[in-house]
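Residue numbers (full-length UniProt numbering): 1 to 180.
Below is one structure, written out as structure tokens, with a few remarks after it.
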Amino acid sequence: MIQIRDERAADVAAREHLLDACFGEARFTKTCERLREGRLPSDGLALVVEMQDRLVATVRLWDVDAGGTPALMLGPIAVDPALHGLGIGNRLMRAALARAAAFGHRAVILVGDAPYYARFGFTRERVGGLRLPGPYAPERFLALDLVPGTLDGADGMVRATGRLDPSASLAGAEGYRAAA
């Protein structure tokens with residue numbers, strides 16, 4: 001049986017190990033990581049999946065400004081590779097999006113695999129004229145309106161707006177990893 005719950009401080013090491021296993025060191029070079037760096041996830045939107053007392057999946061959503069429109073940026077989402085195909089990622093995504101909507105958030109953006117995220121309603125079309133501050137594959141930049149029409153006419157650069165993490169190191173990703 002799986003349990004979806006809020007991430008706790010005690011989950012940091014297991015979360016980082018899972019993200020390393022799924023994405024490797026290259027995850028620290030991604031444009032989306034620059035938007036997350038030194039920030040805290042949006043309140044109540046850092047979730048994990050626990051299975052037999054072990055963290056097996058994680059997702060976090062971050063506050064951003066999407067061309068003048070408040071939105072969330074989803075990612076990364078990761079599921080233990082040994083458990084792929086069991087629907088854990090699907091359940092975690094649906095729980096995260098439902099919680100985001102219940103908290104009053106109106107739109108979510110991400111960079112990811114379009115065919116996978118289409119099942120949740122993400123499309124390239126909803127991105128509109130939005131841009132990310134760094135290199136990314138445009139076909140992987142996707143968005144979802146939690147409230148229909150939220151991203152209509154969205155245009156401009158996506159920028160981080162979330163709360164600063166008081167424990168984040170100015171040394172960047174390596175400093176964060178050393179502290180974790």
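All C-beta atoms in this analysis are idealised placements derived from N, C-alpha and C, irrespective of residue type, glycine included.
In this text, all values refer to a predicted model and were calculated from it rather than measured experimentally.
Best match in 90, 69, 52 and 47 for proximity to residue 59 [C-alpha to C-alpha]: 47
For residue 127, collect the residues of the same chain with a Cβ closer than 6 angstroms to its Cβ; drop the 5 residues on either side in sequence, then sort them by chain order. 141 and 143
### Task
Note down the Cα distance separating residue 14 from residue 24, rounded to an integer number of angstroms.
14 angstroms
| request: For the beta strand (DSSP E) holding residue 34, just list the boundary residues, first then last. | output: If you look at residue 34, you'll find it isn't in any beta strand (DSSP E); it sits in the alpha helix (DSSP H) that goes 31 to 36.
key: Range of the contiguous alpha helix (DSSP H) that encloses residue 135   = Per DSSP, residue 135 lies in no alpha helix (DSSP H) segment and is marked neither H nor E.
Separation of residue 21 from residue 120, as counted between CA atoms: 25 angstroms
**Study point:** Beta-carbon separation (whole angstroms), residue 4 vs residue 146, contact threshold 8 angstroms
**Key:** Actually they do not touch by this definition, with Cβ atoms about 18 angstroms apart.
Quick one: measure Cβ to Cβ for residue 45 and residue 72, integer angstroms, because I've assumed they're closer than 8 angstroms. The pair is a contact, with the Cβ atoms about 7 angstroms apart (cut-off 8 angstroms).
Residue 9 (DSSP reduced to helix, strand or coil):
helix
Margin query: Going by beta-carbon coordinates alone, are residue 107 and residue 70 separated by less than 9 angstroms?
Written below: Cβ atoms of residue 107 and residue 70: closer than 9 angstroms.
Counting only runs of 3+ residues fully inside the region 95 to 125, write out the beta strand (DSSP E) ranges in chain order. 107 to 111
For residue 39, write down the residues that DSSP places opposite it in a beta bridge. As computed with DSSP, residue 39 is found in a beta bridge with 164.
In the DSSP assignment, what residue or residues form a beta bridge with residue 3? 50
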